[in-house]
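Notes follow the structure.
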Amino acid sequence: MAQQMPVSGAVVGEEKAAPLRDDLPATSIHLERARRELLRAAMDAVEEWVVVVDAQGGIQFLNAPYAEFLGVEASEVLGRDVSEVIENTRMHEVLESGRAELAQLQLIRGHHMIAHRYPIFRDGELIGAIGSVLYHDTWEWRQVNAQVQALEAEVDYYRQALETPTGARWQLSDIIGDSPAMRELACKVRKIAPGGASVLIRGESGTGKELYAHALHRSSARAKGPFIKLNCAAIPEALLEAELFGYEEGAFTGAKRGGKPGKFQLADGGTLFLDEVGDMPLAMQAKLLRVLQDREVEAVGATRLVSVDVRVIAATHRPLEALVESGEFREDLFYRINVVPLKVPPLRERRDDLPTLATHLLSRLARRSGRRPPILSEAALERLCAHHWPGNVRELENVLEAAFYLGGSHIQPTDLPDAIGARHGDARHGDARHAATHQSDLSTPASAPESSTSARELHTTPATLREAMAQAERQLIEDALRAAEGNRTRAARQLGIAKSSLYEKLNRHGLLAETP
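370 is the number of the first residue of the sequence shown in this note's numbering; add one for each residue after it.
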């Protein structure tokens, strides 16, 4: 069989293949032409309007839908400058900057449209740009945005449904801040979260104490258990016991049929967060202490005790040590809830976090309103950094929300409230300004001793009247303590104020640790 095969077969095969090789260039050209025609047909078929320009801004491609809207022939505008064909175009700006512009509003022939623009690079060299009009009218954008918001609402609904068993919404990664103080606090939270010890979170109002309570629960072994919150300052004293421990049917007039479980029963197997625990009435403090010691709850009107397994996390902005000394807070309860203390720093002590926080809050506002996040100008950021923030992150959120709606795509200092950073004073005066925001009337009795340095002589040119008042108050307190030989009760009597008020002022001025 092999002997019957022609010897010259290989040569013959080569002769037959030669014409095919001669036709290859023509075939490649044909394929390239077909590919380009297919690409043009595809670009003409889409509803999106597309234009491509070279590095000088000359039009190299304009798809049919865009040409039809502009009232031109695509073939006739090739090579023309894009600014001559498309009004208000920013293609030259993209060519100059080499940066993409996404979802930009553009007015073309009386219609507001949403356009994207991208630079085109080859081997690192900018060779042109492509622009597309995605939404031919802002109505289309609003329709899509409405659909996105509906989907986000649905996602939020299911997320909340998943979180319902625990009630804890935030975890440690949700807390914004990379300053040394915040990193140290996060490290401490990671260490103590797995255990079951009681935690007392302290910090000024608006610092985000509740966020850390949520994060502690989410990072603990009780993460799959319930997370129950009770604001001790928001519940009337007469109802607080029933809220904490529950009640039986018929326990009092208006009691629900079948009774109602209290927060401790609801938190069984999980975490109970007692916010503003420093405002809890003394009588209720004794009952809370008993539950923490015995781990048993007796509902109002009940005749039996119920065992509960609850981790307690408490939070307060009040000086509990001072309240203990003044008899307004039980010392034994303080030690019971203060097993592991956490202090959340005020915003003025972590100013490095301000830019990140501001960007995060503006982005969140943008998502809620369906707008693009505005850019915070350097001048506006300087104003924010110069402010003392007595209301901390909560105040920052309110300020940025106002600026978000009052300002445009760029937030300028004029978009901020007048009080924000109006005086770029020395940061060393910050604590005095903060103390002044909590300033209360202070009467000076005739028996108050004279100071070697009068209040008027503290600063000849104080930055503000409030600062001068704060400095004067501190000086008077120091003089009274000196005259009373450190006895706080006598000092309070000399100043004509309650002992608890004196403790709060000592804490505010940083004198609490300096006095016996």
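We put the CB at the ideal spot given by N, CA and C, even for glycine.
- Minimum Cα-Cα distance from R719 among the listed residues E553, S870 and Y581 corresponds to E553.
- For T640, there is no enclosing alpha helix (DSSP H); the residue is found in the beta strand (DSSP E) stretching over T640 to D644.
- At a Cβ-Cβ threshold of 8 Å, G615 and P630 count as neighbours.
- Within the DSSP secondary-structure output, E470 pairs in a beta bridge with R486.
- Along the segment 641-696, the alpha helix (DSSP H) occurs as fully enclosed runs of 4 or more residues at 651-663 and 689-694, listed in sequence order.
- In the displayed model, Q863 falls within a helix according to three-state DSSP.
- With 16 or more other Cβ atoms inside 10 Å of its own Cβ, H586 counts as buried.
- Cα atoms of G776 and R705: separation of roughly 49 Å, rounded to the nearest angstrom.
- Between L726 and V762, the C-beta spacing is below 8 Å.
- D722 sits close to S548, with the two beta carbons spaced by under 8 Å.
- Spanning the alpha carbons of Q781 and L765 requires a straight line of approximately 15 Å.
- When C-alpha distances from G448 are compared across V441, Q429, E442 and L474, the shortest belongs to Q429.
- Within the same chain, E700 and F703 come within 6 Å of V693 by CB-CB distance, once the 5 residues on both sides are set aside.
- Taking the Cα of L474 as reference, the smallest distance to any Cα among S778, G493 and A436 is reached at S778.
- The segment 602-619 and the segment 741-753 do not touch, with fewer than three beta-carbon pairs separated by less than 8 Å.
- Assignment of K625 by DSSP, reduced to helix, strand and coil, places it in the coil class.
- The alpha-carbon separation between A582 and F698 amounts to approximately 22 Å.
- Sequence-distant Cβ neighbours of M551 in its own chain, meaning closer than 8 Å and more than five residues away, are I544, P714, R719 and D722.
- Rounded to whole angstroms, V463 and A443 show a C-alpha spacing of 22 Å.
- Counting along the chain, the unbroken alpha helix (DSSP H) around L635 starts and ends at K632 to L635.
- For A611, the closest C-alpha among the options L731, G500 and K632 is that of K632.
- Ranked by Cα distance from D787, the options G760, H756 and Y774 are led by H756.
- Judged by DSSP secondary structure, V768 falls within the alpha helix (DSSP H) whose first and last residues are N761 to L775.
- The DSSP-derived three-state label of S501 is strand.
- Taking a 10 Å sphere around the C-beta of H878, we find 16 or more other C-beta atoms and assign the residue as buried.
- Judged by their CB atoms, V675 and S567 are not nearer to each other than the 8 Å cut-off.
- At least 8 Å separates the beta-carbon of V446 from that of A498.
- Considering only L750, E751 and H686, the residue with the shortest C-alpha distance to E873 is H686.
- Of the candidates T458, Y487, I483 and V454, Y487 places its Cα closest to the Cα of G467.
- DSSP places I398 in the helix class (H, G or I) of the three-state scheme.
- Secondary structure remark: continuous beta strand (DSSP E) runs of at least 3 residues inside the segment 579-620, in chain order: 596-600.
- In the three-state reduction of the DSSP assignment, D423 falls in the strand class, which pools E and B.
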